[in-house]
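Student: Quick note on full-length UniProt numbering: the sequence shown kicks off at 1 and runs consecutively.
Even glycine gets a Cβ: it sits at the ideal position worked out from N, Cα and C.
So that we are looking at the same thing, I have put the structure below in structure tokens.
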Amino acid sequence: MGYQITEFGQDVLDDVKRLCDRTLEAQLRAADRSGERPAEACRAASEMGIGAAFIAEEYGGAGLELQEQAAVLEELAACDAGFAVSYMANRLAQAPVEIAGSALQKKLVYDVLLDGGFAGFCLTEDQAGSDISGCRTRAVRQGDRYILDGNKLFVTNGPDAEIFVAFAVTDPDGETKESLSAFLVPGDAEGLTRGAPEHKLGIRNSGTCEISFNRVSVPAGYRIGEEGGGFSLAVRSLEQARIWCGVTALGVARRAISESTAYAKERRQFGKPLSENEVILFKLADMEMKTEAARLCCSAALERLEKGLAVTKESAIAKCLAADAAMECATEAVQIFGGYGYCEEYPVEKLLRDAKIFQIFEGTNEIQRLIVGRSLVRER
Ligand SMILES: Cc1cc2nc3c(=O)[nH]c(=O)nc-3n(C[C@H](O)[C@H](O)[C@H](O)COP(=O)(O)OP(=O)(O)OC[C@H]3O[C@@H](n4cnc5c(N)ncnc54)[C@H](O)[C@@H]3O)c2cc1C
Numbered sequence: 001m002g003y004q005i006t007e008f009g010q011d012v013l014d015d016v017k018r019l020c021d022r023t024l025e026a027q028l029r030a031a032d033r034s035g036e037r038p039a040e041a042c043r044a045a046s047e048m049g050i051g052a053a054f055i056a057e058e059y060g061g062a063g064l065e066l067q068e069q070a071a072v073l074e075e076l077a078a079c080d081a082g083f084a085v086s087y088m089a090n091r092l093a094q095a096p097v098e099i100a101g102s103a104l105q106k107k108l109v110y111d112v113l114l115d116g117g118f119a120g121f122c123l124t125e126d127q128a129g130s131d132i133s134g135c136r137t138r139a140v141r142q143g144d145r146y147i148l149d150g151n152k153l154f155v156t157n158g159p160d161a162e163i164f165v166a167f168a169v170t171d172p173d174g175e176t177k178e179s180l181s182a183f184l185v186p187g188d189a190e191g192l193t194r195g196a197p198e199h200k201l202g203i204r205n206s207g208t209c210e211i212s213f214n215r216v217s218v219p220a221g222y223r224i225g226e227e228g229g230g231f232s233l234a235v236r237s238l239e240q241a242r243i244w245c246g247v248t249a250l251g252v253a254r255r256a257i258s259e260s261t262a263y264a265k266e267r268r269q270f271g272k273p274l275s276e277n278e279v280i281l282f283k284l285a286d287m288e289m290k291t292e293a294a295r296l297c298c299s300a301a302l303e304r305l306e307k308g309l310a311v312t313k314e315s316a317i318a319k320c321l322a323a324d325a326a327m328e329c330a331t332e333a334v335q336i337f338g339g340y341g342y343c344e345e346y347p348v349e350k351l352l353r354d355a356k357i358f359q360i361f362e363g364t365n366e367i368q369r370l371i372v373g374r375s376l377v378r379e380r
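Written out as structure tokens, the structure reads:
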């Protein structure tokens with residue numbers, strides 16, 4: 001069960017598996033402690049062409065099917081969730097240009113990503129968390145340019161992204177859903193400043209910081225889609241990106257299962273391995289069943305996306321189930337490891353720290369449940 005993979009996709013996946021070896025993991029583990037971007041690991045990933053894995057062939061990418069891209073992202077996340085989140089955030093930032101971008105805009109973003117670089121998606125603000133209609137960042141048209149002013153919070157890849165997609169209000173008096181527009185902003189634009197990286201509980205291999213725009217001027221040609229189309233573009237981008245978020249969470253869940261299974265077979269108490277106790281077997285079985293069910297939902301949502309069908313409900317279900325599976329698997333993994341599971345020396349405390357974010361970003365799981373519930377009420 002799982003993703004549908006072609007022979008070519010399997011070759012790329014095998015390359016990624018080789019990349020995610022013990023050396024890379026040791027570098028990522030060290031960076032998890034220091035909270036700094038693992039430069040060597042990023043270089044290795046860039047050299048194996050990781051950026052191309054998530055880009056269509058017509059734009060210079062590897063041309064993997066969406067299901068294959070999912071398998072690659074899950075593999076990276078099973079190695080290190082923070083590392084994978086950096087690429088997941090690239091996937092989020094590329095969504096608006098994939099949906100509504102011009103050829104120039106696509107080139108600007110894909111050139112960065114193909115080169116192994118990072119992009120950031122700037123939507124959240126202090127008054128715009130779950131409710132993005134609270135956005136206050138302004139973009140004012142002046143001739144053939146827009147001037148952006150405002151602060152964006154929690155931008156993944158913020159510390160070193162070379163390009164950003166920023167959402168700003170272009171019509172402060174208009175209807176909420178028609179007041180936002182989306183813009184590409186180069187990372188070296190004058191007036192763009194980056195806050196100090198956040199000290200996070202988990203996914204510490206992905207940088208997160210505030211991005212401030214102080215009279216940042218961008219050409220009108222950097223506006224993505226129509227003026228006033230930013231709200232629906234943000235919603236559509238997030239709907240797609242949530243599937244990638246789910247897939248990344250599954251990497252954490254899968255790792256928790258494999259670590260727990262190995263430990264349960266090896267650790268002996270009361271004269272036998274832990275795995276010979278039904279209570280432990282049932283825990284492992286529940287972990288596997290929840291993860292596999294969530295993976296099938298991600299896969300089904302990707303199939304719809306590939307066919308150009310709406311994924312509003314499907315992506316919410318996939319993200320929510322996968323994030324909950326990651327959190328439950330990581331919690332149970334710590335339980336199966338007992339006291340050792342609580343210590344840094346063993347791998348599962350990190351999984352627990354990493355898992356939590358998937359229930360929070362790209363729309364909290366409460367918001368996903370609202371989306372699913374509302375779609376039911378609308379459908380019936
Ligand atoms: C590590 C990290 C990386 C991030 N990366 C990015 C990024 O790259 N780009 C970006 O734009 N943002 C990013 N975010 C922001 C993230 O998407 C938001 O934190 C998230 O959407 C929740 O918003 P909030 O934190 O303001 O919480 P709030 O919206 O204040 O919510 C607080 C709590 O109330 C609940 N709640 C809110 N409204 C309702 C409701 N109507 N019904 C029921 N419950 C509700 C929420 O579920 C949550 O539990 C990131 C955040 C973190 C922590």
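Strictly by DSSP, which residues pair up with threonine 193?
Tutor: Paired residues: Ser212.
Student: From which residue to which residue does the beta strand (DSSP E) around serine 258 run?
Tutor: Here serine 258 belongs to no beta strand (DSSP E); instead the alpha helix (DSSP H) covers 230-266.
Student: Name the DSSP bridge partner or partners of residue 383?
Tutor: Residue 383 lies beyond the stretch modelled for the chain, which goes from 1 to 380, so this question has no answer here.
Student: Between cysteine 209 and glycine 158, how many whole angstroms is the CB-CB distance? I'm expecting something under 8 Å.
Tutor: 4 Å
Student: Just to confirm before moving on: does the CB-CB distance between valine 85 and serine 237 stay below 8 Å?
Tutor: no
Student: Measuring CB to CB, does alanine 166 end up less than 8 Å from glycine 187?
Tutor: no
Student: Please report how far the alpha carbon of tyrosine 342 lies from the alpha carbon of valine 348, in whole angstroms.
Tutor: 8 Å
Student: Given glycine 246, which residues of its chain have a CB within under 6 Å of its CB, disregarding the five upstream and five downstream residues?
Tutor: Cys298, Ala318, Lys319, Ala322
Student: In this structure, does DSSP put threonine 291 in helix, strand or coil?
Tutor: Collapsing the DSSP output to three states places threonine 291 in a helix.
Student: For serine 315, which residues of its own chain have a beta-carbon under 6 Å away from its beta-carbon, when the five flanking residues on both sides are left out?
Tutor: Hits under 6 Å: Glu239, Arg242, Ile243, Ala301.
Student: Quick one: Cα of glycine 117 to Cα of arginine 268, how far?
Tutor: Straight-line Cα distance between these residues: approximately 46 Å.
Student: Rounded to whole angstroms, how far is the Cβ of aspartate 354 from the Cβ of glycine 82, which I believe are closer than 8 Å?
Tutor: 7 Å
Student: Determine the extent of the beta strand (DSSP E) in which lysine 356 is found, giving its start and end residues.
Tutor: Segment: none, lysine 356 is in no beta strand (DSSP E) and carries neither H nor E.
Student: Where do the N-terminal and C-terminal ends of the alpha helix (DSSP H) with threonine 23 fall, by residue?
Tutor: 22-34
Student: Would the C-beta of leucine 192 count as close to ligand 3, meaning under 7 Å from any of its heavy atoms?
Tutor: In terms of ligand content, the structure shown lacks ligand 3 and carries ligand 1 instead.
Student: Evaluate contact between the stretch 274-288 and the stretch 328-335, counting only Cβ atoms and requiring at least three cross-stretch pairs below 8 Å.
Tutor: yes
Student: With a 10 Å radius around its C-beta and 16 neighbouring C-beta atoms as the bar for buried, classify lysine 283 as buried or exposed.
Tutor: Sixteen is the threshold: when 16 or more other Cβ atoms of the shown chains lie within 10 Å of the Cβ of lysine 283, as they do, the residue is buried.
Student: Considering Cα atoms alone, identify which of Arg255, Asn277, Val252, Ala253 is closest to alanine 264.
Tutor: Asn277
Student: Distance check for glutamine 105 and arginine 33, CA to CA, integer angstroms please.
Tutor: 36 Å
Student: For the stretch 185-202 and the stretch 168-175, state whether three or more C-beta atom pairs, one from each stretch, are separated by less than 8 Å.
Tutor: Short answer: they don't touch.
Student: Measure the CB-CB distance between alanine 182 and isoleucine 211 and report whether it falls below 8 Å.
Tutor: no
Student: Between which two residues does the beta strand (DSSP E) carrying threonine 156 extend?
Tutor: 145-156
Student: Please classify glutamate 175: is it buried, with 16 or more other beta-carbons within 10 angstroms of its beta-carbon, or exposed?
Tutor: exposed
Student: Distance, Cα to Cα, aspartate 15 vs arginine 204?
Tutor: Cα-Cα distance, rounded: 24 Å.
Student: For arginine 141, which three-state DSSP category applies?
Tutor: strand
Student: Taking 8 Å as the cut-off, decide whether the C-beta atoms of arginine 136 and glutamine 127 are in contact.
Tutor: yes
Student: Considering only their Cβ atoms, is the gap separating leucine 76 from methionine 48 smaller than 8 Å?
Tutor: no
Student: Can you tell me which of the three DSSP states arginine 204 falls into?
Tutor: Arginine 204 falls in the coil class under three-state DSSP.
Student: Is threonine 124 near ligand 1 - that is, is its Cβ less than 7 Å away from at least one heavy atom of it?
Tutor: yes
Student: Put glutamine 67 into one of helix, strand or coil per three-state DSSP.
Tutor: helix
Student: Helix, strand or coil for proline 38, going by three-state DSSP, please let me know.
Tutor: coil
Student: With distance defined between alpha-carbon atoms, name the residue in Thr312, Val140, Tyr340 nearest to arginine 374.
Tutor: Thr312
Student: Just list the residues that DSSP pairs arginine 223 with in beta bridges.
Tutor: Phe183
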